[in-house]
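Residue numbers (my numbering), protein chains in the order written: chain A, 151 to 469; chain B, 4 to 182. All residues carry an ideal CB built from backbone N, CA and C; glycine is no exception. In this text the structure is predicted, and so the values were computed from the model without any measurement. Since the structure comes first, as structure tokens, the remarks are kept for the end.
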Amino acid sequence: MATGDRMNGPMLNYFDHRTKEHIAVLTVGRTPLELFVQLGFQPAPLAYGRYVTECEFSKTRASVIIGHFSPEQLRTLVTDSVDFDTDCKVIVCVTTATFTGDAARHAKTTTKSGKSLYVLRDLRSTAFNETELRELEQITNEDASNIVAGKREAVSILLQSLFLPCIDEIIPALGILCQGYLAAGALSESQLASYDPSDAVGKALIGMGWAVAYESSLLLSRYVAGLGLAVQDELPGIEYWLEPFDPKGTRDWRKVLDGLRKQLEDEFKKEVPEAVTELLGEIEMRIESGGDAESSMINPAVVARAFSSFFSEPMEARK
Amino acid sequence: MIAHPETDWQSRRNRFNHDWLKNRFLLALGKLINVLDDRIEDDDFLASFVGGGIKVWEAEYPDVLSLIECFSAKMSPKVLFDRPPLSRWPKEKSWLPTVVDVMWRNRVQADELVQSARESASSANEAYLRLQSEWGAESDRMSVERLRQSRVRVVAFRDACQELARAIEKFPNRILVTQ
């Protein structure tokens, strides 16, 4: 379990029962402030100034050190005379996309004293969310080695997302958003009354498993009251469709939509279904109009057609 | 290490159902029945399997129960909200993961699959316990003739294990977003 060692700075100590190793998660230098907040440290400027320095880094006796380095620090570590008089065998370096030195990409190298140095690139270089952070803290030598070797299948999806490119799965995500939109419509009072299993929306509801719930009424009775109002509140916004595809949180919906189109072209191998294009067009119209909530509503039939066109065969998330 | 949620469950299932249950344990149970039926003769196998090999079930049973119980948590498309791009979905808007999970449970009949597999595992374990009860503590020293008296219980255990294998096979092997 993690134990914060405030005396030595932001270091968390772990014991990996599988490898029988002590692991120190040690953050070095100007790591994103949000990371430190997630680690439980106060974001005050004074505290930030007391974060571990390379000098303190050398004092650890951990067998594995995971450090988040700036490009300059990493370059120093790899190419200059800096070495660490520690007992550690492996140093896992998390750095950013901007580093262009010898170890710019995922790489394994050796320091002067023979320690293995794994360099992992954090492509997004954004703050880690809680789940990502938990996984990053528990990274092992084997994980690091597999990432460096590009063995995508050997590492978790979250580690892939941190260190390996092109991991977003756009089609399943958009499919889920379509499901949510249609389910939300089906939950609304008016849609419940007009539900027709023979039209586009009805067929989509059947395809996504909503019809069973509708017909049995069991789940509706449980969820309409609890979720219905919240769902209806969520329906109108452009954010609903585009926020997940805005990794930097720019809220520049025009750019986000352009990026989404390109990613869909990549995943569909350039053959984006017409109904999906129609849905994106509807979203685009609402971006351009800067519409209010009322005009931001997209016809459920458009969403249903897009949803149905995604999947001529059962759809699965990529392994 | 936190493993890939999908691969983790899949690999656990493959290890249990394919690698161990079907390709090792059931084959060994079949061989035991053949020995008891006098179709083949293999004293070494008899001693090692009856005396120890069959008891591996006791270690595997809790694992398969755990595998069954975590099916929904690991294989629902709700897990896609733990990875990009849906990990960017605002955490406070929990209705969408919930609705996605509910619909998936409807599509794949998740609760029924889990219940069926749970019952199959329990039946297999009961059959094993009945067999062990009949054998008692002296199983590794029992003669073939003595073991033959419990053939019905061995067959019952084998059949229950086959039913368990079929129940585990019915679980979807991918995180399915649609039917």
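In this structure, the beta-carbon distance from A124/B to L49/B does not fall below 8 Å.
From the beta-carbon of F395/A, the residues of chain B found nearer than 7 Å are P88. In the DSSP assignment, no residue is bridged to L407/A.
At a beta-carbon threshold of 9 Å, none of the residues of chain A lie near V117/B; the nearest stands roughly 16 Å away.
Restricting attention to alpha helix (DSSP H) runs no shorter than 4 residues, the region 97-153 of chain B encloses them at 98-111, 113-138, 147-151, ordered along the chain. For the options R91/B, G139/B, R149/B, R156/B, the alpha carbon positioned closest to that of G399/A is the one of R91/B. Note on G352/A: 16 or more other CB atoms within 10 angstroms of its CB, so buried under the neighbour-count rule. When only Cα atoms are considered, R18/B and P65/B end up about 14 Å apart.
Distances from the alpha-carbon of M435/A to those of E424/A, I448/A, P423/A put I448/A closest.
When the Cα atoms are used, R27/B and A454/A turn out to be separated by approximately 47 Å. For A62/B, the enclosing alpha helix (DSSP H) stretches over residues 59-72. By the neighbour-count criterion, in which a residue is buried when 16 or more other Cβ atoms sit within 10 angstroms of its Cβ, Q118/B is exposed. In this model, D396/A and S459/A are separated by some 24 Å (Cα to Cα).
By the CB criterion at 8 Å, A163/B and S136/B fall outside the cutoff. The beta carbon of A159/B sits closer than 7 Å to those of A130, all from its chain and outside the five residues before and after it, given in chain order.
DSSP places M435/A inside the alpha helix (DSSP H), whose first and last residues are 424-439.
Around R154/B, the same chain offers L39 as residues with beta carbons nearer than 6 Å, after the five sequence neighbours per side are excluded.
For the pair I171/B and P80/B, the CB atoms are not nearer than the 8 Å cut-off. Residues of the region 12-43 of chain B whose Cβ lies closer than 7 Å to any Cβ of chain A: none.
Comparing alpha carbon positions, the residue from L30/B, Q165/B, R86/B closest to G56/B is L30/B. I326/A reaches chain B at P80, L83, L89, V103, V180, counting residues in chain order whose Cβ is nearer than 7 Å. For the region 410-439 of chain A, the set of residues with a beta-carbon nearer than 8 Å to any beta-carbon of chain B is empty.
Judged by their CB atoms, F52/B and L70/B are not nearer to each other than the 8 Å cut-off. Of the residues assessed, I320/A falls on the buried side of the cut-off, its CB having 16 or more other CB atoms within 10 angstroms. The closest CA to that of L167/B, considering only W60/B, P87/B, W98/B, M145/B, is found on W60/B. Take the alpha-carbon of D104/B and the one of L392/A: they are about 21 Å apart.
Between P347/A and P88/B the beta-carbon gap is near 31 Å, outside 8 Å, which marks them as no contact. P450/A does not reach chain B, its nearest Cβ partner there being about 15 Å away, counting only Cβ pairs nearer than 8 Å. Here A354/A really is in contact with F457/A; their C-beta atoms are around 5 Å apart, less than 8 Å. Between the region 96-115 of chain B and the region 327-336 of chain A there are three or more inter-stretch CB-CB distances shorter than 8 Å, so the stretches are counted as touching. What M358/A touches in chain B, judged by beta-carbon distance under 8 Å, is M106, R110, T181, Q182, going in chain order.
Nearest CB-CB separation between W138/B and chain A: not below the 8 Å threshold.
Per the coordinates, the alpha-carbon of P100/B lies some 51 Å from the alpha-carbon of N37/B. A straight line joining the alpha-carbon of T181/B with that of E44/B spans about 52 Å.
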